[in-house]
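So the sequences go chain by chain: U and V. According to the working numbering, the first sequence holds residues 55 to 358 in order. According to the working numbering, the second sequence holds residues 73 to 546 in order. Okay, structure first, notes after.
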Amino acid sequence: MKGNDFAGKSRMKRNLFIASFIVPTLALYAVFAVYPMFKGIYLSLFDWSGGSESYNFIGLGNFKEMLHDDVLPKAIRNDYILVAGKVIGFMILSLFFAVALTRLNVKGSGFYRTVFFFPNVLSVVVVGVLWRYVYNPNVGFLNSFISLFTKQPFDYAWLGGKWSIFALLPPSIWAGIGFSVILLVAGIMSVPESLYESAHLDGATQWQQFWKVTLPLVWEQVQTSVIWIVVTTLNGSFVIVTIMTFEGGADNATQVMGSYLYFNAFKYGKFSYGSAIGVLILVLSLITTVALQRLMKRDAIELS
Amino acid sequence: MARVSRTWMTWSMVLFVIFALAGCGGGADKPAAGGTPAKQGDASKPADAKPADSKPADTKPADAKPAEEPKLSGDFEIQYFVGGYGDTWWKQVISEFQKLHPDLKIKESAGPKINDQMKPRWIQGNPPDFVYIDGAGSNTRQMVIDDQLMDITDWLKGAKNVDGKPILDLLIAKPEEYQAGKYHAVPLVFGSWGTFYDKALFAKNGWDAPKDWDSFLAVGDKIKAAGGMSVYIHTGVYPYYINGALLDPATVAFNNYDGSIIKRINALEKGVFKSEPVMKALGEIVQMRDKGFIDKASPALNHTDSQSQWLQHKAAFIPTGIWVEGEMAKDIPQGFEFGFVPSIGQPSGGKFVANPYTSTVAVAKKAKNPAAAKAFLQYIFTEKQAKQWAEMSKAPSNIKADLAGTKATALTIEAAKYYSSPNTVVAPEVTIPEDLVKVRNDATLALTKGEITPEQWADRMETAADKARAKVNK
């Protein structure tokens, strides 16, 4: 009896101990992540301007309105152009840099590792303003450079065209690549040197070593980077869009779901319609991430 | 050796972070101190109340409502946005008003972000008493739709200012009727859209300022032939600049200088966007586009970009507002002389059409001290305040006043001359809902780039207007 009592007490103590770690985090998560999410879903069922005292329940009305919205398909298309462009651009460049910094005996690789990470530390606002100057049609760096080779001054408005969403790719890649480089560098460094040595002895070229040794063993990191890019792009590309092209570019050429949500909620007096777009972003990000995880699933290679 | 330098580097980084944080901390303190205006101190200091006795006596006969008491007391909160016009005038007029009513506890809620900061209080039904509606995140029409502003129609019709003059007679732009026959807000600031050029440059090259559409095309051809700069640069990121400065005045001109077309646009009347005046005005944009007058850089430029490139003589004309002189004050090159015409779209020999851009003041529907708010309104709509506003904010106010001899900027005085000229028609302001403003912006920009036709422009607007109407009728 006594022993049992003791055991019960110690179990309670243990549970208390665990709870003392879980509860505060859970509470913070609930207040700052779960509650806003459900509040957003709840608000999407109303017709609320964002400034009035009265709310008007309209059920799925906002979602029905979405079906007739001409801008939304453009925004979704642009979001996925950014996702695809960033995933491809990020992975090619960061794999190249990571391999170069670890496997190719580049001098001063530590220095470069820091340098590649610099843009990550810069605020996206700074990045956006900087690149706006690069793209400026009359006085910008890019057009001045091209004008060196053309007879007439080159004055193409990179950020004012029909496809200027593609002009947003270089700044976003430049601004974020450091993170995935660091991630992949860490992955490659944890691959045992002996594997490369034996591959080398077997006559494998650098290229073959990359495909047969490096890539399979850092697949986990590649996967993480891709998911990270997808999630941050779908949720956060609105910053670079609004900094560089303000209200979504020429005739919504660069509008993304995030910026369209923002303008609806805070500018056009359609807060609940903005919330409905938020729900759409949530659903699309979920589907995309799950689909990508399925697609990229490979048997993990265990190092014994 | 390597170790020493590494330690050194670590410490210097730590120091850097500390300084950075200290810097941030200092910065964070400042707005907090500035955000809560030091006015509270002034309010609790009713010592210097001597001139108060005579003035309220003046106010009394001016009051429309006999129920109002001559002495105002209690709390009185004023919300005002601080942007390009600054807050010098507000501070001045509020301190004058305070002296007049020493028992009033005036609270100022002001700043460049005030619209966002006060939003929760409007939603919760605890708004300030008096509000100046301007800047990002504010929209008078939306506030009327949201039922936030007091219906002051009857009061305003009889209201006289502290000098005993009827307020409505003093206004250049009349209050907009967001709901038919009702006034909720009074325009305080009167800006005007227009087409701007450099007088010095035009004099040097022997170019004439345009008087109508034909003379604009003629001088445009000359500028284009001369080379070296494009004819017309505009703010493509915010196409409401070209809408306000070119399209709207031209629309009024093609409607026989009858501003009622703008009222029909504001009412979103079916078919109004396909009407002849609108189509003719759009035709002018097409004409200009096909002549290659529009600077190709325009679609990517915001207002400061386009204005600074215009100041650098990358283009001869720019559509913007008369606030441009104050806005770009730091970037004006030596010898640059601002010149402007209110409109260029009118047919040969026609009148100018001035398209206003106003910011309004209003009393909150749930104001706790409406008497004070109305008295303040009567205090600020005077000729004296009009002059002070023009001098301190470098822009004209909406009160008819002779600005000659004041320290107002040259553009402000020139603009005031246009408004009082019989050869200028002052059009009503276009105040369509914000989502329609966006559709119109997109359509106009697409038109200037040649991606759509005027008919497609009209179709887009009619579809959007249909949607907006369906929503209101629901």
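Every residue gets a Cβ at the ideal spot worked out from N, C-alpha and C, and that includes glycine.
- In the displayed model, U/T308 falls within coil according to three-state DSSP, outside both helix and strand.
- The straight-line gap separating the alpha-carbon atoms of U/N174 and U/G139 is approximately 18 Å.
- Put simply, of U/M66, U/L136, U/G62 the residue whose alpha carbon is nearest the alpha carbon of U/T308 is U/L136.
- V/A462 is bridged by DSSP to nothing; it lacks a bridge partner.
- No Cβ of chain U is located within less than 7 Å of the beta carbon of V/V358.
- Flagged as an interface residue toward chain U: V/G308, by a C-beta distance shorter than 7 Å.
- Distances from the alpha-carbon of U/T287 to those of U/R131, U/A258, U/N159 put U/R131 closest.
- Look at the beta carbons and you see the segment 477-496 of chain V touching the segment 399-414 of chain V: at least three pairs across the two are nearer than 8 Å.
- Listed in chain order, the non-local C-beta contacts of U/Y83 below 8 Å within the same chain number zero, local neighbours out to five positions each way being set aside.
- When secondary structure is reduced to three states using DSSP, V/K254 falls in the strand class.
- Any Cβ of chain U closer than 7 Å to the Cβ of V/A530 would place that residue at the interface, and such an atom is absent.
- Secondary structure note for V/A426: its beta strand (DSSP E) is the uninterrupted segment 424-426.
- Not a single CB atom of chain U sits nearer than 7 Å to the CB of V/P428.
- Within 10 angstroms of the beta-carbon of V/A401 lie fewer than 16 other beta-carbons, which makes it exposed.
- Rounded to the nearest angstrom, the gap between the Cα atoms of V/V234 and V/E455 is 10 Å.
- When V/G522, V/S465, V/N328, V/E523 are compared, the shortest CA-CA separation from V/W162 is found for V/S465.
- A distance of 7 Å or more separates the beta carbons of V/N327 and V/K423.
- Residue pairing for V/P238: DSSP places it in a beta bridge opposite V/K232.
- Secondary structure note for V/E248: it is in no beta strand (DSSP E), with a DSSP letter that is neither H nor E.
- Here DSSP, grouped into helix, strand and coil, assigns V/K171 to helix.
- If you check the CB distance, U/T342 and U/V284 come in under 7 Å.
- Going by C-alpha positions, V/V258 is about 20 Å away from V/W395.
- Within the same chain, Cβ atoms closer than 7 Å to the Cβ of U/N116 are found at S98, S326, Y327, A330, the five residues on either side in sequence being excluded.
- Just so you know, the alpha carbons of V/G183 and V/S167 end up roughly 17 Å apart.
- A Cβ-Cβ contact shorter than 7 Å links V/T520 with V/R361.
- Excluding five sequence positions before and after U/I200, the CB atoms of its chain that fall closer than 7 Å to its own CB belong to F208, given in chain order.
- The C-beta distance from V/G331 to V/A434 rounds to 23 Å, too long to fall under 8 Å, and the pair is not in contact.
- Rounded to whole angstroms, V/V502 and V/A515 show a C-alpha spacing of 16 Å.
- Taking 7 Å as the CB threshold, V/A298 stays off the interface with chain U.
- Between U/D123 and chain V, the shortest Cβ-Cβ separation is not below 7 Å.
- For V/K254, there are no C-beta contacts with chain U under 8 Å, since the nearest C-beta of that chain is about 17 Å from it.
- Going by beta carbons, V/D147 and V/K177 fall inside the 7 Å limit.
- Judged by their CB atoms, U/L155 and U/R167 are nearer to each other than the 7 Å cut-off.
- DSSP places V/G398 in the uninterrupted alpha helix (DSSP H) bounded by 396-399.
- Using a CB distance cut-off of 7 Å, V/A467 does not count as an interface residue toward chain U.
- Burial state of U/M91 is exposed, judged by a 10 Å Cβ sphere holding fewer than 16 other Cβ atoms.
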